[in-house]
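First residue of the sequence shown: 9, per my numbering; consecutive thereafter.
Positions of the beta carbon are idealized from the N, C-alpha and C atoms, including for glycine.
The structure displayed is predicted, hence computed values, not measured ones.
Heads up: the structure comes next, in structure tokens.
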Amino acid sequence: MESTKQHDIPWIFNNPNYRQELNEYFQYPFRISEYPLQPAYKSEIELGVHAGYEISKKLSVFMEMNAVQLDYEQLFTVTIEDPRNQSPDPVYEQIPIIGEENRFHLNFGGQFNYFQNETQAAYISFFGNINNVSMRRNYIVINNIEYPIHHFDANRPDLRPGGVGYGLGAGLGYRFLLSEHILMNPYYQLYRTQINMSEEIQPTGIHHSVGIRILWN
Numbered sequence: 009m010e011s012t013k014q015h016d017i018p019w020i021f022n023n024p025n026y027r028q029e030l031n032e033y034f035q036y037p038f039r040i041s042e043y044p045l046q047p048a049y050k051s052e053i054e055l056g057v058h059a060g061y062e063i064s065k066k067l068s069v070f071m072e073m074n075a076v077q078l079d080y081e082q083l084f085t086v087t088i089e090d091p092r093n094q095s096p097d098p099v100y101e102q103i104p105i106i107g108e109e110n111r112f113h114l115n116f117g118g119q120f121n122y123f124q125n126e127t128q129a130a131y132i133s134f135f136g137n138i139n140n141v142s143m144r145r146n147y148i149v150i151n152n153i154e155y156p157i158h159h160f161d162a163n164r165p166d167l168r169p170g171g172v173g174y175g176l177g178a179g180l181g182y183r184f185l186l187s188e189h190i191l192m193n194p195y196y197q198l199y200r201t202q203i204n205m206s207e208e209i210q211p212t213g214i215h216h217s218v219g220i221r222i223l224w225n
């Protein structure tokens, strides 16, 4: 992330409290040579609630709230000027950046049934998204030692990165009766959202969600 380049990793590398440890580990002159562009998020379980209202047999509106804890990993590259290296090029080492986030999603929109009978229905949905994100932890790992990343804000030094973002999405789903009042609802959703971590960190990306809802009819 560009924000990482601007605010975080150089501060760790130049911090006198860490400098001796880093010098002992790398042994030779070193520098940061490449920063990551986008984090790679791991798949996680999302939990939530869903409520809907049927306007007609074909059309219904819904609102749902989902929460998830996300982990991501990035890599940045350190160049080491090791004179023992037989190659004319320097030695490169990739260092992991680890992040842990809490995300809350509020989706609201409509569902249109393009197929249905008395016991089942297939639908397409369109919805708006409001999300709230907070960062739990952010750190790099060198020689099995964690070095915390501090996202400084001179005006609010104690503020944890996070904020409210917005997006739009669409989905496909299938509902079928399990009993007189209980429906099973496998679904897939794709949405494009802006995530607001701070004034400098506001990435926009595509997100996917696959799940199963158990609904009371």
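- It is roughly 29 angstroms from the alpha-carbon of Q94 to the alpha-carbon of I17.
- Pairing Y174 with N137 gives a Cβ-Cβ distance under 8 angstroms.
- Boundaries of the alpha helix (DSSP H) harbouring P24: P24 to F34, taken from the DSSP string.
- Taking a C-beta distance under 8 angstroms as the contact criterion, G177 and Y196 do not qualify as a contact pair.
- DSSP, reduced to helix, strand and coil, places P18 within a helical segment of the structure shown.
- DSSP places I157 in no beta strand (DSSP E); its state is neither H nor E.
- If you check the CB distance, S142 and N110 come in under 8 angstroms.
- With a cut-off of 8 angstroms on Cβ pairs, the stretch 32-42 is in contact with the stretch 87-102, counting three or more such pairs.
- Counting along the chain, H215 sits inside the beta strand (DSSP E) bounded by residues T212 to W224.
- When only Cα atoms are considered, I222 and R144 end up about 30 angstroms apart.
- Beta-bridge partners assigned by DSSP to E109: L78 and M143.
- Counting along the chain, the unbroken beta strand (DSSP E) around I40 starts and ends at F38 to E42.
- CA-CA distance, F184 to K65, rounds to 15 angstroms.
- Taking a C-beta distance under 8 angstroms as the contact criterion, I105 and I148 qualify as a contact pair.
- Nearest to L191 by alpha-carbon distance, out of A59, Q102, N152 and R27, is A59.
- The shortest CA-to-CA distance from A129 to any of E62, N25, I20 and Q77 is the one to E62.
- Bounds of any beta strand (DSSP E) do not take in M205, whose DSSP letter is neither H nor E.
- G213 sits exposed, since fewer than 16 C-beta atoms from the chains shown fall within 10 Å of its C-beta.
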